[in-house]
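Visitor:
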Amino acid sequence: MSLSHGGRSAFERLRARLGEGSHACEECGFVDDASEWEAATSGATVEYRRECPSCGTEHVRRYRL
Ligand SMILES: [Zn+2]
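Rendered as C-alpha cells:
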C-alpha cells in the first residue's frame, strides 16, 4: 500500500485515535501528556510506540493500514 495516496490522512486518523485516550501508564498509572507516540510502518501495519518516563514500560499499539 502506498502512503503517498491517502496514507497521510490514515496516519492522522490513527494518531487522533491514540490521542483521544488517556496517556496514563497501564503499569504504574503515571499520566504523561508530553510524550508522543512514535510511528513506524512496515507496509501493511503501522506500529505506535511510547515509553513511560516513570517506569519505562513500553506501550505498543498496532493497526492495519
Ligand atoms: Zn509507567
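Using UniProt numbering, the letters of the sequence shown map in sequence onto residues 1 to 65.
Cβ coordinates follow ideal geometry from the N, Cα and C atoms, glycine included.
Which same chain residues end up closer than 7 Å to ALA10 when comparing Cβ atoms and leaving out the 5 residues on each side of it in sequence?
Guide: Closer than 7 Å at the Cβ level, and outside the excluded window around ALA10, lie LEU65.
Visitor: How about PHE30: is its Cβ closer than 7 Å to a heavy atom in ligand 1?
Guide: Yes - ligand 1 has a heavy atom lying nearer than 7 Å to the Cβ of PHE30.
Visitor: Give me whichever residues DSSP pairs with residue 104 in a beta bridge.
Guide: No answer is possible for residue 104: the residues shown for the chain start at 1 and end at 65.
Visitor: Would you identify the three-state DSSP class for GLU26, choosing helix, strand or coil?
Guide: If DSSP states are grouped into helix, strand and coil, GLU26 belongs with coil.
Visitor: Leaving out five residues before and five after HIS23 in sequence, what residues of the same chain have Cβ atoms less than 8 Å from its Cβ?
Guide: Excluding residues within five positions, the ones whose Cβ falls inside 8 Å are VAL31, ASP32, ASP33, SER35, ARG50.
Visitor: Take the Cβ of SER2 as the centre, count every other Cβ of all protein chains shown within 10 Å, and call the residue buried at 16 or more, exposed below.
Guide: Unreliable positioning characterises SER2 in this predicted model, as indicated by a pLDDT of 47, which lies under 50. The coordinate reading is nonetheless provided below. It is exposed - the Cβ of SER2 has fewer than 16 other Cβ atoms within 10 Å.
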